[in-house]
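Positions 3 to 495 (the numbering used here) are the ones given, in order, by the sequence shown.
Some notes on the structure that comes next.
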Amino acid sequence: MDTDRAVVATGCATLDQVLDGGFPRNRSVLVTGGPGTGKSTLSMQFLQEGIRQGEECLFVSTEQTPAELRDSFAPYDFDLDHDDLTITSIHARPGYTLDAEEEQLTIETLEGDQLIGEGYSAPFSGKYVTQLLGRYAPADRVVVDSVSGLRVMADDYDVFRRAVLDLIRLVSDEFEATALLVAEGNHDDDGGQLSVVDPLQYNVHGVVRLWRERKGGEYRRFIDVMKMRGIDHDTRSYEVTFGDGGVEVIPFRRALPPGAVDQKRLTTGIEAFDALLSGGFPRGDSVVLEHDGKANIDTLLFTAASSAFTRDMDLVLLPRVNTSPRRVDTLVANTVVNFDDVQELLESNRLFVLDAFGAWENYENVYDLRADDTEMEDQLRAVRETSAGDGLLLALNTEAKVHVLNERKVRRIRYWLQSRFLGPDDILLDVHNPNVMTSRMAEFYIDAASWVISTWLDENGLQYIRLEKGITGDVGGLRLVEYVDEYPPIRMK
Numbered sequence: 003m004d005t006d007r008a009v010v011a012t013g014c015a016t017l018d019q020v021l022d023g024g025f026p027r028n029r030s031v032l033v034t035g036g037p038g039t040g041k042s043t044l045s046m047q048f049l050q051e052g053i054r055q056g057e058e059c060l061f062v063s064t065e066q067t068p069a070e071l072r073d074s075f076a077p078y079d080f081d082l083d084h085d086d087l088t089i090t091s092i093h094a095r096p097g098y099t100l101d102a103e104e105e106q107l108t109i110e111t112l113e114g115d116q117l118i119g120e121g122y123s124a125p126f127s128g129k130y131v132t133q134l135l136g137r138y139a140p141a142d143r144v145v146v147d148s149v150s151g152l153r154v155m156a157d158d159y160d161v162f163r164r165a166v167l168d169l170i171r172l173v174s175d176e177f178e179a180t181a182l183l184v185a186e187g188n189h190d191d192d193g194g195q196l197s198v199v200d201p202l203q204y205n206v207h208g209v210v211r212l213w214r215e216r217k218g219g220e221y222r223r224f225i226d227v228m229k230m231r232g233i234d235h236d237t238r239s240y241e242v243t244f245g246d247g248g249v250e251v252i253p254f255r256r257a258l259p260p261g262a263v264d265q266k267r268l269t270t271g272i273e274a275f276d277a278l279l280s281g282g283f284p285r286g287d288s289v290v291l292e293h294d295g296k297a298n299i300d301t302l303l304f305t306a307a308s309s310a311f312t313r314d315m316d317l318v319l320l321p322r323v324n325t326s327p328r329r330v331d332t333l334v335a336n337t338v339v340n341f342d343d344v345q346e347l348l349e350s351n352r353l354f355v356l357d358a359f360g361a362w363e364n365y366e367n368v369y370d371l372r373a374d375d376t377e378m379e380d381q382l383r384a385v386r387e388t389s390a391g392d393g394l395l396l397a398l399n400t401e402a403k404v405h406v407l408n409e410r411k412v413r414r415i416r417y418w419l420q421s422r423f424l425g426p427d428d429i430l431l432d433v434h435n436p437n438v439m440t441s442r443m444a445e446f447y448i449d450a451a452s453w454v455i456s457t458w459l460d461e462n463g464l465q466y467i468r469l470e471k472g473i474t475g476d477v478g479g480l481r482l483v484e485y486v487d488e489y490p491p492i493r494m495k
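Written out as structure tokens, the structure is:
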């Protein structure tokens with residue numbers, strides 16, 4: 003976490019982790035969601051954290067009186083009577099102003115259920131609402147719950163947008179506060195009223211979204227951070243539950259912490275990829291690298307192979323049909339340190355090839371998977387006897403295995419690899435395109451692996467990579483893959 007960046011704690015440890023420390027100080031954040039998703043509870047929890055830190059806090063309700071708020075927050079350990087917390091309520095009601103003879107919407111302000119200002123009132127407009135709220139400045143933390151209650155200030159979108167901008171400037175500039183602006187989720191109602199979220203989401207510093215979704219036949223609540231300027235935040239969804247302290251965002255971890263598993267790692271050669279995997283590929287274990295047939299996996303694979311060679315591991319390669327000796331030559335020249343070509347790797351017993359298509363007939367250390375007089379297990383035993391390295395990186399294309407061997411034999415070999423062949427310094431890396439085999443066979447590989455990494459190209463030609471399954475690591479974490487003219491040739495963000 004960047005400790006020099008000015009952030010304020012949210013009151014929820016996991017949400018702080020998602021935000022890399024908390025909300026940006028002196029900025030406004032939109033908290034949006036449907037009814038009953040936890041918006042108000044999260045907002046009051048944010049103020050309670052401010053109280054614990056000795057900060058001045060203001061809660062402005064536009065939809066409930068202070069008495070109703072107390073009832074709503076009764077299940078939680080919130081201190082609503084603390085000297086550093088001010089709770090006020092602003093509502094629109096029919097009334098009269100000094101400037102107009104006809105009845106119109108006017109401001110009604112309640113504190114402790116006592117009406118302030120009998121008789122004539124100010125119009126319920128952006129100008130007078132911001133003037134009224136300005137009386138409570140300064141404050142360190144401000145919550146307006148909800149801005150949806152202010153949308154009757156104007157029927158015109160541009161007028162309402164300007165009023166919202168004035169409100170944001172008020173809390174950020176005059177209050178010098180970190181503010182949460184609560185609003186109902188973005189939807190058009192039957193009355194044709196303005197959607198409050200529209201003018202807000204483009205002008206606030208960040209957007210936090212809460213919603214409900216059916217899981218296993220029941221509704222569960224979720225949260226994500228859609229936007230937070232200047233913060234490298236987690237974009238994944240988390241579940242929301244409620245405890246004595248308010249909103250609880252779970253899980254804090256999606257896998258075991260790195261120290262919980264005593265397992266050596268092979269660095270992938272790509273810093274951000276290592277971070278995704280909690281240090282790199284696990285040694286003594288099995289990994290599936292799943293792809294869509296369009297993403298570039300060869301450069302990724304040979305960057306990892308270069309790391310393996312540097313650490314005295316040897317490579318066992320069962321290539322795809324389009325990964326020819328010439329293609330591997332190019333990959334070695336561009337990505338592998340200390341070796342110039344395939345021939346050098348083969349002759350020095352650093353590379354062993356299992357050939358499923360007959361493309362490698364004229365090379366040493368090549369084993370023909372199509373041979374009738376030998377089994378794949380025997381070929382791998384011969385590799386083990388020849389290799390003098392500190393472990394094997396077995397990069398085996400699953401499509402090639404299925405092409406040459408029947409499914410029953412493929413399953414048998416996969417079980418044998420895991421239970422009888424794989425040593426504590428080896429890595430089994432199955433390179434897997436599930437679209438070119440039966441779904442049953444494709445799912446078998448996913449189920450058998452301890453780790454699953456997927457990579458694909460989206461409709462815009464951008465390549466992404468995600469850890470789908472793992473004992474440790476940032477499970478569910480997504481990275482963008484970028485190719486660069488330097489070493490290593492891949493960056494991830």
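Beta carbons are placed, not taken as given, at the ideal position from N, Cα and C, and that holds for glycine.
- For glycine 208, the three-state secondary structure derived from DSSP is strand.
- As computed with DSSP, leucine 279 is found in no beta bridge at all.
- Rounded to the nearest angstrom, the Cβ distance from aspartate 428 to leucine 396 is 7 Å, consistent with a contact under 8 Å.
- Judged by DSSP secondary structure, aspartate 234 falls outside any alpha helix (DSSP H); it is assigned neither H nor E.
- For alanine 397, the uninterrupted beta strand (DSSP E) run begins and ends at 394-399, by DSSP.
- Annotation: the stretch 280-318 contains the following complete segments of the beta strand (DSSP E) (minimum length 3 residues), in chain order: 287-293.
- Your pair aspartate 246 and aspartate 73 does not check out as a contact, with CB atoms roughly 17 Å apart and the cut at 8 Å.
- Pairing leucine 348 with phenylalanine 354, the inter-Cα distance amounts to about 6 Å.
- Taken in chain order, the unbroken stretches of beta strand (DSSP E) that lie wholly in the stretch 16-76 and span 3 residues or more are 30-35, 59-63.
- Short of 6 Å from the beta carbon of tyrosine 204, and not among the five residues preceding or following it, lies no beta carbon of its own chain.
- Here serine 421 is exposed. Its C-beta has fewer than 16 other C-beta atoms within 10 Å.
- In the DSSP assignment, serine 456 falls within the beta strand (DSSP E) that extends over 453-459.
- The C-beta distance from leucine 371 to aspartate 380 rounds to 11 Å, too long to meet the 8 Å contact threshold.
- Taking every protein chain shown into account, the CB of isoleucine 252 has fewer than 16 other CB atoms within 10 angstroms, so this residue is exposed.
- For tyrosine 489, the three-state secondary structure derived from DSSP is coil.
- Threonine 305 and valine 209 have their C-alpha atoms spaced approximately 38 Å apart.
- When DSSP states are grouped into helix, strand and coil, aspartate 449 belongs to the helix group.
- A straight-line Cα-Cα distance of about 13 Å links glutamate 186 and proline 201.
- Per DSSP, the beta-bridge partners of tyrosine 369 are Leu356.
- Distance from the CA atom of phenylalanine 48 to the CA atom of alanine 15, rounded to whole angstroms, is 11 Å.
- Collapsing the DSSP output to three states places threonine 132 in a helix.
- According to DSSP, residue pairing for glutamate 176 in a beta bridge does not occur.
- Here the alpha carbon of glycine 281 sits roughly 15 Å from the alpha carbon of serine 452.
- Cβ contact annotation for glutamate 58 (same chain, cutoff 6 Å, sequence separation greater than five): Asp86, Ala141, Asp142, in chain order.
- Listed as beta-bridge partners of aspartate 432 by DSSP are Val290, Leu398.
- A distance below 7 Å between beta-carbons, with the five flanking residues on each side excluded, links leucine 82 to the following residues of its chain, in chain order: Arg72, Phe75, Ile89.
- Secondary structure note for aspartate 200: its alpha helix (DSSP H) is the uninterrupted segment 199-203.
- Taking a C-beta distance under 8 Å as the contact criterion, glycine 40 and valine 242 qualify as a contact pair.
- Shown here, methionine 439 sits in coil according to DSSP, grouped into three states, outside any helix or strand.
- As far as DSSP is concerned, methionine 228 takes part in no beta bridge.
- Counting the other Cβ atoms within 10 Å of the Cβ of valine 486 gives fewer than 16, which makes it exposed.
- As DSSP reads the structure, tryptophan 213 sits in a beta bridge with Phe224.
- By the neighbour-count definition (other C-beta atoms within 10 Å, threshold 16), lysine 471 is a buried residue.
- Closest in C-alpha terms to arginine 386, from the list Leu424, Val483, Ala181, Glu273, comes Leu424.
- Arginine 137 and arginine 27 have their C-alpha atoms spaced approximately 21 Å apart.
- C-alpha of valine 173 to C-alpha of leucine 183: approximately 10 Å in a straight line.
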